[in-house]
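S.K.: In the working numbering, the protein residues as written are 10 to 173.
Here it is, the structure, as structure tokens.
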């Protein structure tokens, strides 16, 4: 697979993952769905996330990840997948609240964003179950624990809720 990622760090966050990790997670999420993929990932602060969330989703406040799929009509398919915006402070805070390692939560958020670019969604229960199953499989392949827990699991296990 030919992969081109433009990584923009618009906020100073020492907790942001390195570029090699981001590329590994993106590649794992894309799997064999595309031969060539171009995308951008922008790591932002809460203010920029809130501004984008309000402007494009009409929702107040920042969110962990926003995905903007590329959907222009062209005579031939283009490799452009789209843009992902990740709010670093929210990812850091969620990882602590959900008792996850920071690396595992960053991986999950990036994978989640890439799957949205590929057309996966979680609007209805059936689509959500399919997307969560795929996210879990990808995370396990990368050596991370499953990103979701259910109410039927041990009460010592955190319940994971994403805000996307």
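We put the CB at the ideal spot given by N, CA and C, even for glycine.
#1: What is the DSSP secondary structure of residue 51, reduced to helix, strand or coil?
#2: Give me the residue from 102, 17 and 124 with the minimum Cα distance to residue 51.
#3: Can you check DSSP and say which residues form a bridge with residue 46?
#4: Quick one: grab the DSSP three-state call for residue 92.
#5: Could you work out which residue in 77, 106, 88 and 60 is closest to residue 130 when comparing CA atoms only?
#6: Residue 127 by DSSP, collapsed to three states: which one?
#7: Measure the C-alpha to C-alpha separation of residue 37 and residue 10 and round it to an integer number of angstroms.
#8: Which residue comes first and which comes last in the beta strand (DSSP E) that contains residue 143?
#9: Give me the Cβ distance between residue 101 and residue 111, rounded to the nearest whole Å; I'm assuming they're in contact under 8 Å.
#10: Name the residue from 146, 127, 122 and 153 whose alpha carbon lies nearest to the alpha carbon of residue 73.
#11: Quick check on the burial criterion: 16 or more other C-beta atoms within 10 angstroms. Buried or exposed for residue 153?
#12: Does the distance from the CB of residue 105 to the CB of residue 53 come in under 8 Å?
#13: Name the one or two DSSP bridge partners that residue 76 has.
#14: Once DSSP output is grouped into helix, strand and coil, what is the label at residue 107?
#15: Could you check the C-alpha separation between residue 97 and residue 83 for me, to the nearest Å?
#16: Identify, in the order they occur along the chain, each residue of the same chain with its Cβ nearer than 8 Å to the Cβ of residue 150, setting aside the five sequence neighbours on each side.
M.R.: For this structure:
#1: strand
#2: 17
#3: 12
#4: strand
#5: 77
#6: coil
#7: 11 Å
#8: It is not in any beta strand (DSSP E) - residue 143 instead sits in the alpha helix (DSSP H) that spans 134-150.
#9: 7 Å
#10: 122
#11: buried
#12: no
#13: 93
#14: coil
#15: 34 Å
#16: 37
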